[in-house]
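Participant:
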Amino acid sequence: MKKITLLLFFLLFQISFSQTYNTNEIIQKAEFYLKEAVGEDLFSYFKFDEYSYYEYQKRNKKTKFKKIKADKKTKDKLINAEVRFVFMHPDLKKYNLFKTCYIELDEKLNLKKPIDLSRIPKYILKNKSSNWLKETKIDEIIQSQKLKKTNSPIYKQVIFNEKTNTFVWEVRNILFQDKIRYDFEIFYIDCITGDATKPQTLRTFVAICY
Numbered sequence: 003m004k005k006i007t008l009l010l011f012f013l014l015f016q017i018s019f020s021q022t023y024n025t026n027e028i029i030q031k032a033e034f035y036l037k038e039a040v041g042e043d044l045f046s047y048f049k050f051d052e053y054s055y056y057e058y059q060k061r062n063k064k065t066k067f068k069k070i071k072a073d074k075k076t077k078d079k080l081i082n083a084e085v086r087f088v089f090m091h092p093d094l095k096k097y098n099l100f101k102t103c104y105i106e107l108d109e110k111l112n113l114k115k116p117i118d119l120s121r122i123p124k125y126i127l128k129n130k131s132s133n134w135l136k137e138t139k140i141d142e143i144i145q146s147q148k149l150k151k152t153n154s155p156i157y158k159q160v161i162f163n164e165k166t167n168t169f170v171w172e173v174r175n176i177l178f179q180d181k182i183r184y185d186f187e188i189f190y191i192d193c194i195t196g197d198a199t200k201p202q203t204l205r206t207f208v209a210i211c212y
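Under this note's numbering, the first residue of the sequence shown carries the number 3, and numbering increases by one thereafter.
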């Protein structure tokens, strides 16, 4: 009777640590949730990110992390997984914008929380034409600002404003720059409305390590 009890205990112990998967199954499950969120057409612009990983628990209860590589078996007991996909839509590429989507799965490969798509322009998600102002219009707005005169070219780039969840042009007017100091005017232009913030003059210092 004791032998049977020990055998059952051993089997139950083994089962508790049998939550292993083929990594292809994890990737496919993440792809399924992403397709549900963005649709088949838009999904084609997503590329699997090799920095995806999963967390697992060893028999001694310690947890470790391991990269998700195709067609591999997960180790010990799966706790959760984070599968990453990089969004490489041509409309974002021309602005050097790349959005990484994180698909978080639990030990049963269920979606842990909704996928954050806020950094993908709404017109792209809705499969519509761009409603962003053309760069020539942005240049006109920049020229209309009363900026300080300088010999340096104006620097501008599109960034995502996390406070307003909108895309804006960050514009910098370089006033002075040397090895230790950097003075500039900075302001932001909304990519859709063209509304511009008031230029501010800032100074930054370059850290020098000896």
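Built from N, CA and C at the ideal position, the CB exists for glycine as well.
When you compare the segment 21-34 with the segment 68-83, are there three or more beta-carbon pairs, one atom per stretch, that lie closer than 8 Å?
Facilitator: Counting Cβ pairs under 8 Å, three or more are found: they touch.
Participant: What is the C-beta distance between Arg174 and Tyr157, in whole angstroms, given that I count them as a contact (C-beta under 8 Å)?
Facilitator: Yes, they are in contact, since the Cβ atoms of Arg174 and Tyr157 sit about 4 Å apart, within 8 Å.
Participant: Could you give the distance in angstroms between the alpha-carbon of Asp108 and the alpha-carbon of Ile81?
Facilitator: Cα to Cα, the separation comes out at about 6 Å.
Participant: Would you grab the beta carbon distance between Ser120 and Asn167 for me? Rounded to a whole angstrom, and I think it's under 8 Å.
Facilitator: Contact flag correct, Cβ pair sits at about 5 Å.
Participant: For the candidate residues Gln147, Val85, Leu113 and Gly196, whose alpha-carbon lies nearest to that of Tyr55?
Facilitator: Closest option to Tyr55, Cα to Cα, is Val85.
Participant: Flag this pair as touching only if the segment 143-155 and the segment 124-131 have three or more C-beta atom pairs under 8 Å; answer yes or no.
Facilitator: No: fewer than three Cβ pairs fall under 8 Å.
Participant: Buried or exposed: which applies to Asp197, given that a residue is buried once 16 or more other Cβ atoms fall within 10 Å of its Cβ?
Facilitator: Asp197 is exposed by the Cβ-count criterion.
Participant: Would Asp192 be called buried (16 or more neighbouring beta carbons within 10 Å of its own) or exposed?
Facilitator: By the neighbour-count rule (16 or more Cβ atoms within 10 Å), Asp192 is buried.
Participant: Give the DSSP-derived three-state secondary structure of Ala83 in the structure shown.
Facilitator: Strand.
Participant: Please name the residue in Lys79, Tyr47 and Lys75 whose C-alpha comes closest to that of Gln59.
Facilitator: The shortest C-alpha separation from Gln59 is found at Lys79.
Participant: May I ask you to report which of helix, strand or coil DSSP gives Gln16?
Facilitator: Here the model assigns Gln16 a pLDDT of 47, short of 50, so the residue's position is not dependable and the matter cannot be decided.
Participant: Reducing DSSP to helix, strand and coil, say where Glu172 ends up.
Facilitator: Three-state DSSP puts Glu172 in a strand.
Participant: Cβ atoms of Phe100 and Leu94: under 8 Å apart, would you say?
Facilitator: Against a cut-off of 8 Å, the Cβ pair of Phe100 and Leu94 comes out as a contact.
Participant: Taking the CB atoms as reference points, tell me whether Ile182 and Glu172 lie closer together than 8 Å.
Facilitator: Contact: no.
Participant: Could you name the residues of the same chain whose beta carbon sits closer than 6 Å to that of Gln21, not counting the 5 residues immediately before and after it, in chain order?
Facilitator: Cβ neighbours of Gln21 beyond the five flanking positions: Lys79, Leu80 and Glu109.
Participant: Any heavy atom of the ligand ATP inside 7 Å of the beta-carbon of Phe169?
Facilitator: Absent from the structure shown: the ligand ATP. Ligands present: none.
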